[in-house]
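Here it is as structure tokens:
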């Protein structure tokens, strides 16, 4: 089968008929798209490389899901409604079974968020996937990293550290493990392989949050970017970081803060909210299907600082860095 | 230097202050962009993989140029005005000199076309580059592959075969070569390394051409896609394919048709024009800085057929195919 037939067959189902604004989808030199009037567009590209952004043994369907999820997470952090995406897929060989799995995972998440695949490229090389995602927001309403103000509370959606702990428990539970452990490890792995982009939470926070960022490299590093963009500092209480049941069961005390604050791959949102909006923001995010937990507050001292039980403690300052941590992650 | 500082330093100059529609460029989870009112957007992603889309010894500046050029060529084929782009760069290591060269080549072409870099990603892995380019056209005016009608003439911009011949003459000319040969080979190599996307020609052809496609995989294959999309056939005269002086000097008679029709990497436009618009189209493209040459016509017989001196001949039917020609190109 030639390249063109292969692309057509696997991806033809990903552009639903009548998708909003799609005048012409896959099959020409470029897609023709009609942006919604009086809206701004939000646009992001993220690449996943095998062995770096997902373990080599990851199932094709999970890779397809995650390639789209990391981009939807960026749109979520801007408070954007997903519209369209493009998929640039580099593969070592034309593997029909792999492509079917990849497409199934990608399509499941695309359908859940009503995002239409409108173009892309397929080429041969070491496995890597770049997705470009486009969303929209009424002009002037997109969330940014730069809007945090002294006195805002710092919140996160969902729970932190699950994916990072899942990555450290790649092997299946031992045959002797209890049923609870088997269940916990599967839950942690699911958070690593199939992250849930907080699109509905991001939409709910428009007009309520003062600043937002998605957590891909870990809370410490990503919140650090938000603080730098806003020109403020923050103090975070390590005991307030939300944990899943599986994480609470499986993580050892001494590793919790590192996993939750510098482990990466959470794909939760970290947002700053003026206190007057907090109750409304928590209600709105709860209605979207996850919790919004207060973890600290914005102040006018420099950088990110950590406390526990009212005492300042040393804590992580950086997230995952691609070019510095090659030896550890390569 | 960490990933973030590295990205900032090299790419900060590529988002000119006051670029049209850029509300927020690089540095947040997504760019915020205001599309021009009453326009449609044209969007495309193309990936270049080292050793596949460019020779391994290609200079970083030429790779940067070409990564953007192949995407601008897609916008050109739609008759789009370039607006914004995103760059997903996967690199085996953080190499400051390489990045400086890459950025210089990318920036030179971006400035020439007024396209602003608004986002992207940098990660570690085998060298590959995915650019997503966005352009605009007044609603309903974008060129498509599907509009060719029986009786239209088939035209191409510029000259064909130069890059394909340049790829076969990768070694510098022998010391004994005459000055003309040295000059010719440099000219052919420049066409391979720094293709000229026909953006101005594409804009000039809006309202005049009935269909268009860019020539990346070779005339035979790409025109074949246009014919299939339009539901028509064509007869092309091999003697009419436009040649550069360097190509005419350096190509052997027996290899010319294969290089010009199936060599790939031309990044010229192939367009269909109703005869009533031909003179105006040729004048408009000439004003944009290149020639528009008639090479055949659209008819109602199936597929692409070739003739020479009034006689039907066998000719190429397919272009470069990524997944079938791995052994030859890998």
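Chains as they are written, first to last, in the numbering used here: chain X, 135 to 464; chain W, 135 to 464.
Every residue gets a Cβ at the ideal spot worked out from N, C-alpha and C, and that includes glycine.
From a predicted model like this one, the values you see are computed outputs, not experimental measurements.
Taking C-alpha positions only, residue 385/W is separated from residue 187/W by approximately 22 Å. Per DSSP, the continuous beta strand (DSSP E) segment holding residue 263/X begins and ends at 262-272. For residue 166/W, the beta-bridge partners assigned by DSSP are 176/X and 158/W. Under DSSP, residue 216/X forms a beta bridge with 269/X. Residue 446/X is bridged by DSSP to 441/X. Taking 9 Å as the cut-off, the beta carbon of residue 286/X is found closer than this to the beta carbon of residue 409/X. Its chain contains 268, 269 and 270 as the residues whose beta carbon lies nearer than 6 Å to that of residue 217/X, once the 5 sequence neighbours on both sides are disregarded; these appear in chain order.
At least one C-beta of chain W is nearer than 9 Å to the C-beta of residue 347/X.
Residue 152/W and residue 177/W have their C-alpha atoms roughly 22 Å apart. Check the Cα spacing between residue 452/W and each of 417/W, 346/W and 393/W: the tightest is with 393/W.
Residue 277/W places its beta carbon 9 Å or farther from that of residue 361/W. Residue contact check for residue 377/X against chain W: no CB pair falls below 9 Å.
For residue 149/X, there is no enclosing alpha helix (DSSP H), as DSSP gives it neither H nor E.
Contacts between residue 266/W and chain X, judged by CB atoms closer than 7 Å, involve 179, 220 and 266 in chain order. Leaving aside the five residues that flank residue 331/W on each side, the residues in its chain whose CB is nearer than 7 Å to its CB run, in chain order, 203, 206, 207, 210 and 401. A distance of 9 Å or more separates the beta carbons of residue 292/X and residue 431/X.
Between residue 175/X and residue 169/W, the beta carbon gap of about 6 Å places them in contact (Cβ cut-off 8 Å).
In chain order, 157, 166, 167 and 168 make up the part of chain X whose C-beta sits under 7 Å from the C-beta of residue 174/W. The C-beta of residue 211/X comes closer than 9 Å to at least one C-beta of chain W. By the criterion of a C-beta distance shorter than 6 Å, residue 144/W is surrounded in its chain by 233 and 237, once the five residues flanking it on both sides are discounted. Rounded to the nearest whole angstrom, the CA to CA distance from residue 281/W to residue 407/W is 10 Å.
Separation of residue 301/X and residue 321/X (C-alpha to C-alpha, rounded to the nearest whole angstrom) is 12 Å. Along the region 247-258 of chain W, going in chain order, the ones with a CB nearer than 8 Å to a CB of chain X are 252, 253, 254, 255, 256, 257 and 258. Note on geometry: alpha-carbon atoms of residue 341/X and residue 275/X lie some 7 Å from one another.
Per the Cβ contact rule, the region 244-253 of chain W is in contact with the region 218-233 of chain W (3 or more Cβ pairs under 8 Å).
Listed in chain order, the non-local C-beta contacts of residue 420/X below 8 Å within the same chain comprise 426, local neighbours out to five positions each way being set aside. Restricted to the region 351-420 of chain W, the alpha helix (DSSP H) segments that are unbroken, complete and at least 4 residues in length are 353-364, 379-384 and 390-396, listed in chain order.
Under the three-state reduction of DSSP, residue 231/X is assigned to helix. A Cβ of chain X is located within less than 9 Å of the beta carbon of residue 171/W. Of all residues in the region 179-194 of chain X, only 179, 180, 181, 183 and 186 place a beta-carbon less than 7 Å from a beta-carbon of chain W. Listed along chain X, the residues sitting closer than 7 Å to residue 262/W by beta-carbon distance are 224, 259 and 262.
In the DSSP assignment, residue 288/W falls within the beta strand (DSSP E) that extends over 287-291. DSSP places residue 324/X inside the alpha helix (DSSP H), whose first and last residues are 313-327. For residue 194/W, the uninterrupted alpha helix (DSSP H) run begins and ends at 194-211, by DSSP.
Residues of the region 362-374 of chain W that bring their beta carbon within less than 8 Å of a beta carbon in chain X comprise 363, in sequence order. Listed in chain order, the non-local C-beta contacts of residue 378/X below 6 Å within the same chain comprise 293 and 296, local neighbours out to five positions each way being set aside.
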